[in-house]
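A.B. asks: The sequence shown begins at 1 in the numbering used here and counts up one residue at a time. My questions all concern the structure below.
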Amino acid sequence: MAKMLPEYRSSDVITRYGEGVPVLSRKDIPYEADCIFNAGVTAYKGKYYMVFRNDYRFDGEGAFEKCAIGIAQSDDGIRWDVENRIFLKPEDLGDPDVTKVYDPRLTVIEDELYMCFAVDTHHGVRGGIAKIHHVNEEGEKVEVLHLTAPDNRNMVLFPEKVGGRYVRLERPFPVYSRGGIDRFDIWISFSTDLRYWGDTKLLLGVEDVPFANDKIGPGAPPIRTKEGWLVLFHAVDIDRTRGKNGWEEKWQKRYFAGVMLLDLLDPSKILGISKEPLIAPETAWETDEGFRTNVVFPGGLIPEKDGTVKIYYGASDTVECLATAKITDLIALCREG
Ligand code: BMA
């Protein structure tokens with residue numbers, strides 16, 4: 001049985017926007033929506049863009065019948081205008097095997113917009129990479145460049161090539177060879193065209209994160225800082241004595257946001273990692289009020305001109321929240337370990 005972990009608090013270096021009040025939730029969506037969470041966010045051509053997961057039509061038992069991705073724009077990263085249309089739904093992939101698209105992340109590379117996303121199929125979970133072509137105000141064209149073999153998800157792209165190659169972090173979930181339980185780690189892969197990936201290496205094992213006893217996964221796409229690539233990841237602990245106080249019978253996991261620093265020239269090298277969670281579930285939205293409880297799931301990290309970052313995270317699989325921090329503080333946390 002997994003070792004029980006202590007009660008953790010968020011690091012002092014983060015400030016929750018509005019004391020944790022969501023920046024996006026179902027009430028902001030002009031169409032059918034229930035849980036709005038796990039968004040990818042980026043700054044692009046003078047605006048902020050958010051793609052978010054929308055789970056809707058609860059089946060009354062523990063799951064939603066529908067899951068699609070919506071899109072919103074903002075001038076300040078705080079107040080969002082949600083487009084009155086679904087951005088990507090499973091049918092758009094043109095493959096009857098696909099049942100869900102969710103947990104999107106956005107990265108701008110050489111002025112082009114890319115999205116990584118999770119794809120559930122009847123034959124396992126796949127990680128997708130798509131290029132988003134702007135067509136007109138009515139909508140964009142989403143060109144799928146790559147889908148991994150199952151099971152893989154939580155993929156994020158680096159915002160620039162390193163040593164002439166595109167770089168991604170990902171989280172395959174091997175079960176057979178890892179004891180038949182969740183022991184999932186973060187891996188790194190390279191590509192020259194975003195379609196074919198290889199040279200895959202283990203980046204961070206779950207056993208190396210003191211606040212995880214279950215699994216970890218990439219969170220927000222990395223950002224360049226003077227000292228290295230700053231990366232947010234999620235880390236999960238499980239406690240079999242926990243029971244769920246929400247819509248689901250027994251939810252025993254807790255999701256934290258963690259932070260690490262990778263070498264600029266060789267991102268498969270970890271320069272430092274904070275040994276404590278960056279964000280631990282604390283507010284009512286994060287611990288109590290959601291479809292699930294105790295989930296902080298980071299998906300967006302935006303550097304601002306004043307040396308701060310905006311950190312976007314899903315709270316308890318129900319709403320999207322925002323926190324801020326100074327980049328120098330985040331680096332110091334990684335360096336101090
Ligand atoms: C993971 C994914 C995420 C979700 C998290 C917590 O396995 O399904 O989308 O936020 O669990 O429920």
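We put the CB at the ideal spot given by N, CA and C, even for glycine. Keep in mind it's a predicted model, so treat the numbers as computed, not measured.
Which ranges does the alpha helix (DSSP H) cover as unbroken runs of at least 4 residues, wholly within the segment 63-111, from first to last along the chain?
C.D. replies: Within the segment 63-111, no complete alpha helix (DSSP H) run reaches 4 residues.
A.B. asks: Counting Cβ pairs closer than 8 Å, one from the segment 154-162 and one from the segment 130-145, do we hit at least three?
C.D. replies: In short, these stretches do not touch, since the Cβ pair count stays below three.
A.B. asks: Which residues in the same chain have their Cβ closer than 8 Å to the Cβ of T15, if we skip the five residues on either side of it in sequence?
C.D. replies: Around T15: A323, T324 and A325.
A.B. asks: Count the other CB atoms, across all protein chains shown, that sit within 10 Å of the CB of E320; report buried if there are 16 or more and exposed otherwise.
C.D. replies: Answer is buried; the Cβ neighbour count reaches 16.
A.B. asks: If you run the structure through DSSP and keep just helix, strand and coil, what is D120?
C.D. replies: Of the three classes helix, strand and coil, the one that applies to D120 here is strand, per DSSP.
A.B. asks: Three or more C-beta pairs under 8 Å: does that hold for the segment 110-120 against the segment 181-191?
C.D. replies: No: the two stretches stay apart, fewer than three of their Cβ pairs being nearer than 8 Å.
A.B. asks: For a quick check, are the C-beta atoms of G20 and T283 less than 8 Å apart?
C.D. replies: Their beta carbons are under 8 Å apart, which means G20 touches T283 by this criterion.
A.B. asks: So is H234 buried or exposed if we call it buried at 16+ other beta carbons inside 10 Å?
C.D. replies: Burial call: buried.
A.B. asks: Span of the alpha helix (DSSP H) holding L278?
C.D. replies: First-last for L278: undefined, no H or E at that position.
A.B. asks: Quick check on V295: does DSSP put it in helix, strand or coil?
C.D. replies: In the structure shown, V295 sits in a strand (DSSP, three-state: E or B).
A.B. asks: Just curious, the beta strand (DSSP E) that A235 is in, first and last residue?
C.D. replies: Looking at the DSSP string, the run of the beta strand (DSSP E) that includes A235 is G228 to I238.
A.B. asks: If D151 sits next to P172, beta carbons under 8 Å apart, how far is it from one beta carbon to the other, in whole angstroms?
C.D. replies: About 7 Å; that satisfies the 8 Å criterion.
A.B. asks: Excluding five sequence neighbours on each side, which residues of the same chain lie with their C-beta closer than 8 Å to the C-beta of V125?
C.D. replies: Excluding positions up to five away in sequence, the list reads A118, V119, P150, D151, N152, R153 and F173.
A.B. asks: Return the residue from the list G163, A72 and F58 that minimises the CA-CA distance to A39.
C.D. replies: Taking only the C-alpha atoms, the option nearest A39 is A72.
A.B. asks: Measuring straight from C-alpha to C-alpha, what distance separates V175 and K215?
C.D. replies: Taking the straight line from one Cα to the other gives about 12 Å.
A.B. asks: Taking the DSSP output, what are the residues bridged to R242?
C.D. replies: Paired residues: none, contrary to the question.
A.B. asks: Among D34, I69 and E61, which residue has its Cα nearest to the Cα of M50?
C.D. replies: With distances taken between Cα atoms, M50 lies closest to I69.
A.B. asks: So, does the segment 196-206 touch the segment 262-276, judging by three or more C-beta pairs under 8 Å?
C.D. replies: Touching, yes.
A.B. asks: Sorry if obvious, but does the Cβ on V209 come closer than 7 Å to a heavy atom of the ligand BMA?
C.D. replies: No, the beta carbon of V209 sits no closer than 7 Å to any heavy atom of the ligand BMA.
A.B. asks: With respect to the beta strand (DSSP E) encompassing A332, which residues constitute its N-terminal and C-terminal limits?
C.D. replies: Run containing A332: none in the beta strand (DSSP E); it sits in the alpha helix (DSSP H), I327 to E336.
A.B. asks: Compute the beta-carbon to beta-carbon distance between F256 and A280, rounded to the nearest angstrom, for a pair I have assumed lies under 8 Å.
C.D. replies: Going by Cβ atoms, the distance from F256 to A280 rounds to 5 Å, so yes, they are a contact pair.
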